[in-house]
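Chains as they are written, first to last, in my numbering: chain A, 1072 to 1163; chain B, 1072 to 1163; chain C, 108 to 295; chain D, 108 to 295; chain E, 168 to 555; chain F, 168 to 555; chain G, 830 to 1132; chain H, 830 to 1132. The beta-carbon is built from N, C-alpha and C at its ideal position, and this holds for glycine as well. Have a look at the structure below, then the notes.
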Amino acid sequence: MKSWKELPIGAMIIEPGNSIEYNVAQWRVFRPVLDKNKCTKCGLCWIFCPEGAIVRNEDESYEVNLSFCKGCGICQRSCNVKAITMIKEEGL
Amino acid sequence: MKSWKELPIGAMIIEPGNSIEYNVAQWRVFRPVLDKNKCTKCGLCWIFCPEGAIVRNEDESYEVNLSFCKGCGICQRSCNVKAITMIKEEGL
Amino acid sequence: MLEIRWHGRGGQGVVTAAEILATAVVNEGKYAQAFAAFGPERRGAPVLAFTRINDNEILLRTQIYEPDIVVVLDKSLCNDNGVGRGLKKNGIAVVNTSSSPEVLLNIFPNASKIATVDATRIAIEKLGVPVTNTAILGALIRATRIVKIETIENVLKEKFKGVLAEKNFNAVKEAYERTLIFDRGGLL
Amino acid sequence: MLEIRWHGRGGQGVVTAAEILATAVVNEGKYAQAFAAFGPERRGAPVLAFTRINDNEILLRTQIYEPDIVVVLDKSLCNDNGVGRGLKKNGIAVVNTSSSPEVLLNIFPNASKIATVDATRIAIEKLGVPVTNTAILGALIRATRIVKIETIENVLKEKFKGVLAEKNFNAVKEAYERTLIFDRGGLL
Amino acid sequence: MKRVALSGNYAVAYAVKMADVDVIAAYPITPQTPIVEKLSEFVADGLLDAEYINVESEHSALSACIGSSLTGARTFTATSSQGLAYMHEVLFMASSLRTSIVMANVNRALSHPLNIWNDHSDAMAERDVGWIQFWVNSVQEAFDATIQAFKIAEEVLLPVMINLDGFILSHINEVLILPDEELVREFIPSKPLFNRLSPKLAYTIGVVGPPEYYYEMRYQIIDAIERSRKNINEVNREFGELFGRTYGNISTYMMEDADYALITMGAVSSTAKIVVDSLRKEGEKVGLISIRCFRPFPKNDIIEVFEDVKSIGVLDRALTPGGIGHPLFTEIVTTLYDSSKIIPVQSFVGGLGGRDITIDDFKQMYKIIKDVGLSGRRKPCIYIGLRE
Amino acid sequence: MKRVALSGNYAVAYAVKMADVDVIAAYPITPQTPIVEKLSEFVADGLLDAEYINVESEHSALSACIGSSLTGARTFTATSSQGLAYMHEVLFMASSLRTSIVMANVNRALSHPLNIWNDHSDAMAERDVGWIQFWVNSVQEAFDATIQAFKIAEEVLLPVMINLDGFILSHINEVLILPDEELVREFIPSKPLFNRLSPKLAYTIGVVGPPEYYYEMRYQIIDAIERSRKNINEVNREFGELFGRTYGNISTYMMEDADYALITMGAVSSTAKIVVDSLRKEGEKVGLISIRCFRPFPKNDIIEVFEDVKSIGVLDRALTPGGIGHPLFTEIVTTLYDSSKIIPVQSFVGGLGGRDITIDDFKQMYKIIKDVGLSGRRKPCIYIGLRE
Amino acid sequence: MFKTIKDLPRDEYLAPGHRLCAGCTVGTAVRQILKASGGNVVVVTATSCLEVSTSYFPQTAWRVPWIHLGFENSAAVAAGIESALKALRKKGKSNEDFHVMVISGDGGTFDIGIQALSGALERGHDLLYICYDNEAYMNTGIQRSSATPYAAATTTSPPGARSIGQRTHKKDLVGIAIAHGIPYAATACPSYPIDLMNKVRKGLDVEGPSLLHVLTPCTTGWRFDPSLGIEIGRLAVLTGLWPLYEVDRGVTRLTVQVPKREPVRKYLELQGRFKHISENEINKIQEIADKNAEKFGLGPIKE
Amino acid sequence: MFKTIKDLPRDEYLAPGHRLCAGCTVGTAVRQILKASGGNVVVVTATSCLEVSTSYFPQTAWRVPWIHLGFENSAAVAAGIESALKALRKKGKSNEDFHVMVISGDGGTFDIGIQALSGALERGHDLLYICYDNEAYMNTGIQRSSATPYAAATTTSPPGARSIGQRTHKKDLVGIAIAHGIPYAATACPSYPIDLMNKVRKGLDVEGPSLLHVLTPCTTGWRFDPSLGIEIGRLAVLTGLWPLYEVDRGVTRLTVQVPKREPVRKYLELQGRFKHISENEINKIQEIADKNAEKFGLGPIKE
Ligand SMILES: Cc1ncc(C[n+]2csc(CCOP(=O)(O)OP(=O)(O)O)c2C)c(N)n1
Ligand SMILES: Cc1ncc(C[n+]2csc(CCOP(=O)(O)OP(=O)(O)O)c2C)c(N)n1
Ligand code: SF4
Ligand code: SF4
Ligand code: SF4
Ligand code: SF4
Ligand code: SF4
Ligand code: SF4
Ligand SMILES: [Mg+2]
Ligand SMILES: [Mg+2]
């Protein structure tokens, strides 16, 4: 860990958005699985996900980035066509 | 003047309304003179005086207590019948 | 002095578990400390709690760096290697998992004893919700005999009202029964 | 060192008078301090201001307890005996009043010189309002020659804009002319 | 009497309940919140008959407490860190208007960076406010000091602040001997205090004190807090009679024959004792002083135990940037000066913002103190555990 | 350059104007108000091109200043007494977030009783906040320190507080050498500061510093304020080159051969000099030290002049009720300890809440200091002018 | 209800000898308020003209219990007193019974005290909060507050080459209070004593928080002759700049009708603080009055 | 104006990896807000869940400049930033140009921050103040605020033998803001992203102060399953407890109509914080919804 000389001054963090390095996947008990076939690309899961863990691709398709997903299940509930299912994470 | 031992504790004044001992008459440049003959006993000067310097007697007549009057002239202006006149105080 | 580290998630009541144990210890006339690794605890986030147990007054007020015992309330936490960190040589690990204890050997290389129980299943059976903090106590006691199970019963009765105390104690008992224990000598 | 105490009323600009004098002194290359007796100043209430004058830098920062000169902007203040308090032996008093200086003898028992001027009348004549703080300066200068009257003129020009400066200076000059001075030897 | 396991925060809450407090005005802040939560619960459940004012800020919390205390109600509040800092202005008022407020301050670091963990910078920055200040070392002490505080505050007419270390004490469950409520009531009867705001008296409170009076009025606080030493001792004695436990203004450990002493405040003292024990086993004549009553500062008690000491270490858990020394260090040095003793004093800082002070840290400090004692030369302040 | 008569408050206002400040956020309070009134006038008249924020409180004033300073604007505020106390929490933030705010604090007593007059209790209660603190002795110093403050604050990235005595300095008109604006601009060029809140950078400021980092982050302030000593001296030197006046961290009077010294802060020093002169005439070898730069505390400067002194008096104009000593006394004693000098120090308190400190008071103090020097025995704190 | 001047009690709870400026209508207002209260009241005042002028040690002008703490917290202090009384009575520890009332200035209410006020209103304490509004920080020498009216000159909203005086509009205190859902709020002015005093009574008698916003013309700060305060207050009402109304459990009611309004110019002309303003600003101020008239149903402007 | 989800920008200015609870709708709301802002914005946040969860050193979730000072002063900090930018631009010292926005919690807005907010609104700074409202102090563990709704359980408004839970009613933030005469204020909810995001744009584009009051259901504090946040937000709207409206230069307009309202029971049942309440309280809460419906013109209750 950094010494006092190496820390940025004034309680600043100078790398915007470096929280992507923080492991939230570990928080997850359930994991969303998105069925691209069922998906109508409505985007609701994307706009409702509290984490920004759902990625909107260039082709307007959506997928889950599991490194960023905490497994809350909001996406599943947002999906009118039930394209998302929550699956229990297993330890070990 | 009192020593620290003699002062009331906790920044209190324990004699209600002892400001009557403070000389405001000294502030006065003009002095109101109330002509009891003209006075209709309407009470306006009494209720408007900022000082409470106008006394409402038991018989509902009014008079000025000059010890409490700062000479602002509000009473004079309140009096519809011009029963009050302001007279210059003279030093010396 | 016995030092225990508890691993759970925000919202799972891991601090409560550490406290129930401490109260039981105290009720048995000994001394205990229970506390959490303090920080902004968020629902879902891994959290730590600690219990210290001693026959005499406990003066130590530092954090616990090298626990004698590690208790894991949620097996998915074992995905991260943090759970085994610092466990003393010949320490004990107690984990909520349906797996058998051997599977955990390389997660707790220092452990001389590993106990597992499917606390989640038991919690659902006995409480109707997957709140595993009381069930795991049964496994811990089974593996360590730190306190008498009846003492836990009494603490639960003080802590929870009416039927909830009973349900929780049922979970404790059930877990106590179903705990699998493995020591370096083999499954007990 | 010369110490002056000014008596006036809240709203009469007594502090301004003290300051104008100080500025004049400074402009003549000497040193001065001007300040008020600090307190919640209320319209109509008697207030004090002070000026200290010296050839060299002034270090003293205490209040003025024994002034060399007392200036009274409003004669009705003389009803209270406070105006004469502390005046040094052989001090000077300058009072705005239409009365003659002798009348003030027992108010300023220590004064060796008493000057009076009807500053109120002059102010009304020259400014149109009974603001006596500049007029009285004229009397003070006449009685003491602390600064040159032209220096005051320049200060007024800085302090007030346009015609107001001129009017005020007229008041100063007029008062200067009309001041009556009495010393223990008799009217000068 | 019951032997239970309770956290420092709950211990305070129970003490307040047993004191049958009349009014609570407090604002939540970590790590104090469990105190007010527990009190809310007591009130909601009818176990404590009090008005709980859900104020909108700490500034208002303490302001409301002043109003309440002067109306004759036994009054409690609790805060921490930013909350205490936000009260700064009002703290002076609570003492100078001579209230009897009792406040628990759960010590926590000050921003920035924001940090919810333990150090002493919040309370140390309020060492001029004219409050009596206790610092406790255990959950039991937190309870006992709270009970004592009401009695002292109401006798002396000065507010009392009880400092307990955030998390380390506030959130730790440990053994507490909970006395019977009747005994507590015997100690501090539940009676209305003097209502200075009654229409029957029509006092004017919180006046303008012009230069002719201000000095004397402020001096009364100096006098009151100096005189409070007697009350504090007396209350402690009475407490001992009823509850079988007493506390000094300082608590000492192995100081009888110590050559090297460390001075601390708050819960870490307890860890330090372990180190003292282990060093004693190694033959080192070390000892420990922990200050319980920081205001009024127990200079005589301290000087007494310093009698034969060769060197002293002072552990500050708060900073005075750019000052001649950190707060406790400066007070201790001045104490020595006061007693005309020349003992080298080594300044330490440690445990800021929840940084743990470990057994090894204490060992290191004792080692340095001994070095200083032997060489007679102290070093500039040593920042224990700082990553250089 | 112009020789004028101006009040301390106006001197500050003129300095701020000449510094071409960008943002002012301030709240009125006696006796500071004329500063912000004058600045309002400058802005209204177009003589100063700045945003003047009419904040609703001092807490917000300083908060707005922090936002402004971090956005790169030269930022000024002014306050006094209750206002400073109300800022307490934010003061720590202004230093720890490393702003360059300059603030004039017009020293005034704290409530209760309410008192608008001069003493030092407001600023002394903020001696831990990590600000650089100047204390000035004359209107000229008030002006000069303000100009210097901007340069120092912007170099060191620490806020600077200029303390000037309420009324005694703030409201006194005296001689001021007003430099030409161009010269001031040469000294402190009007340029935007580093905008740390730019979308181009997207920094995150005011973070949570967990126990692993908090200590190091706070230590940076200790480091910065210690390093600022160099900047302060350098700025002062440059100031001297341009303006022909320099100031030390302390100012001394007749200390070369003094046996007996008095230490003061603020405007009363000036009166004390008169007493020194008169005592010198009587053959007494007395001297005077006045502390100009209180934070960082000028320990080396002080120790140096103490070399051959026989006894010292310290005049505190603020109280630490129940403390081991009043603020300045404690710092001086610790300074002596630091230098391993054993000189008796007599503590004095005086001039609280506008109580005048007279020539006679100073004479009395010098007499006592001499007695202490001769007897080697100091007395408990002496409250000069207190009606017993 | 008070109907005529004759009805009004003789008792004076604000003693003469206070140090308010000669001609200060705050003195008038407080006399009226305390008369209406009947004296069984504890008063809290924030730092202000009223505070320093009535409690200058060793003299007090208060004949009722009174407390001043600071500038920002009078509502909180009142809340503490009210709660203490409630607790002590409930617990049988006291049989005292009195009303709790705040009388604070506009600065201590609109600006630095609004948080404490908002909190006290929200929590529903049984107290009457009275703001006497002299439209600036007068105690410190006439600085703008958020109650200062548009275009008025103060020392921190001075007119100048780049300033017309106060740039912003007066905060709507009663509107804000009512948005807190309190049962009673009203405006008043000591130039209309009966109206004011009846509102004080209503405010005291209602259960829960109530608020009175009282305009108190200030000779020093508004720069008019000391004798004019009451007249200027009357003109504020007669121009429509200060409509007298109340909001009683949600119902807004004009309490003093103005059949024919005076033009605002008449009001402005008398005051030094408006001396600098241009026709443009006068028109804008007239618009404010006209809007008030529309909102509260005042009469048209006198020809 | 955003019309469909497809319109919404791809850019994420709140990085993943923040530490808000799993299922926290504050994350959703802030993502939507920042998307709408386009990223050219400086954000100020008061101490809160959002603050501690996004700026835990050494990691930040912010991709826009962001500052946190304290709990009570976010509006003041924003005012300082806005003024600095204005001054520097005016003086030609800077050519940066960005919006200033506050995103603070209900505690930091309704209670301890309302003074700074009131001042900033009154002075007319050009900034958008967004209050995300999870109806309690969540960061410190679910204590009541003055935004906590009637009867809800929190740790400082616990139900019990002598308590029904929160005793008081929710403060009307938009009402208070509008009483300050600001040009734009609105309510929103991340369950209605288009509505919310358009309001953010309006708030940013309007000159002067604007305010958005955003309801953000909180899984931890309201005690519901983490997956339910968005649904519960929707129910708040559909019951009429959280009408979506705006007040644009004095004109109030419902922005999302609810033709048939759900009964409040449906909303309350899902939440642990209302578990204790009786029929009596449910009826009172239904009345609140009905009053809202009347005030804003929502439809009748579904049969
Ligand atoms: C925290 C704090 N800030 C500033 C002051 C200075 N102050 C005292 S009274 C006052 C103005 C009061 O204004 P207002 O409330 O309108 O009452 P008024 O004097 O106009 O009657 C100010 C700024 C203070 N006492 N405390
Ligand atoms: C002056 C001060 N008082 C109290 C606190 C403690 N505190 C920090 S965040 C918080 C609650 C925040 O509530 P809210 O604004 O509603 O945001 P939320 O956490 O609910 O998102 C409290 C009480 C503080 N940081 N500073
Ligand atoms: S489960 Fe929650 S966090 Fe994960 S993708 Fe779905 S909405 Fe996002
Ligand atoms: S909500 Fe369902 S349908 Fe819509 S984008 Fe997500 S997965 Fe596809
Ligand atoms: S002149 Fe003024 S103070 Fe005197 S009686 Fe008339 S109204 Fe009252
Ligand atoms: S106003 Fe005139 S008529 Fe009325 S009581 Fe006074 S003096 Fe008499
Ligand atoms: S300044 Fe105004 S409000 Fe204050 S006392 Fe004087 S007239 Fe009254
Ligand atoms: S407590 Fe509530 S608001 Fe806070 S992070 Fe968790 S869900 Fe979000
Ligand atoms: Mg005012
Ligand atoms: Mg919240």
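| query | result |
| --- | --- |
| Rank F:TYR380, F:ILE283, F:LYS397, F:PHE310 by C-alpha distance to the C-alpha of A:GLU1077 and give the top, closest one. | F:TYR380 |
| Quick one, which residues of the stretch 1031 to 1045 of chain H are near chain G if we go by CB-CB under 8 Å, in chain order? | none |
| Looking only at C-alpha atoms, which of E:ASP523, E:LEU541, E:ARG522 sits nearest to E:ILE510? | E:LEU541 |
| So H:VAL1087 and H:GLY1062 are in contact, right, with Cβ under 8 Å, and what is the actual spacing, rounded? | 13 Å between Cβ atoms; not a contact. |
| Since E:TYR427 and E:SER478 are thought to touch, with beta carbons under 8 Å apart, how far apart are those beta carbons, to the nearest angstrom? | 6 Å |
| Please name the residue in F:TYR194, F:TRP284, F:GLY239 whose C-alpha comes closest to that of E:TYR382. | F:TRP284 |
| Measuring alpha carbon to alpha carbon, tell me which residue in G:VAL906, G:ALA907, G:ARG848 is nearest G:TYR885. | G:ARG848 |
| Start and end of the beta strand (DSSP E) containing B:MET1157? | 1155 to 1159 |
| Tell me which residues share the same chain as F:ALA178 and place their Cβ nearer than 7 Å to its Cβ, disregarding the 5 neighbours each side in the sequence. | VAL306, ALA309, PHE310, LEU343 |
| So, with DSSP's three-state summary, where would you put G:GLY948? | helix |
| Any heavy atom of ligand 7 inside 6 Å of the beta-carbon of G:VAL855? | yes |
| Please classify E:ASN403: does DSSP put it in a helix, a strand, or coil? | helix |
| What are the boundary residues of the beta strand (DSSP E) that E:SER542 is part of? | No beta strand (DSSP E) holds E:SER542; the alpha helix (DSSP H) holding it covers 526 to 542. |
| Identify the contact partners of G:PHE1133 in chain F, using a Cβ-Cβ distance below 8 Å as the criterion. | Here chain G comprises residues numbered 830 to 1132, so residue 1133 of chain G is not present and cannot be evaluated. |
| Does the beta-carbon of H:GLY1050, which I'm using as the reference point, lie nearer than 6 Å to any heavy atom of ligand 8? | yes |
| If we define contact as Cβ-Cβ less than 7 Å, is C:ALA278 a contact residue for chain E? | no |
| Looking at the structure shown, is H:ILE960 part of a helix, part of a strand, or coil, going by DSSP? | For clarity, residue 960 of chain H is Cys in the given sequence; the question names Ile instead. Residue state, collapsed to three classes: strand. |
| Please state if the CB of F:HIS255 and the CB of F:ASN274 are separated by a distance shorter than 7 Å. | no |
| Would G:ALA1017 pass as a contact of G:LEU1041 if the rule is Cβ separation under 7 Å? | yes |
| Which chain E residues are close to G:ARG952, counting only those with a beta carbon under 9 Å from its beta carbon? | ILE220, ASN221, VAL222, GLU223 |
| Quick check on B:ALA1096: buried or exposed, where buried means 16 or more other Cβ atoms within 10 Å of its Cβ? | buried |
| Do B:CYS1116 and G:SER1056 have their C-beta atoms within less than 7 Å of each other? | no |
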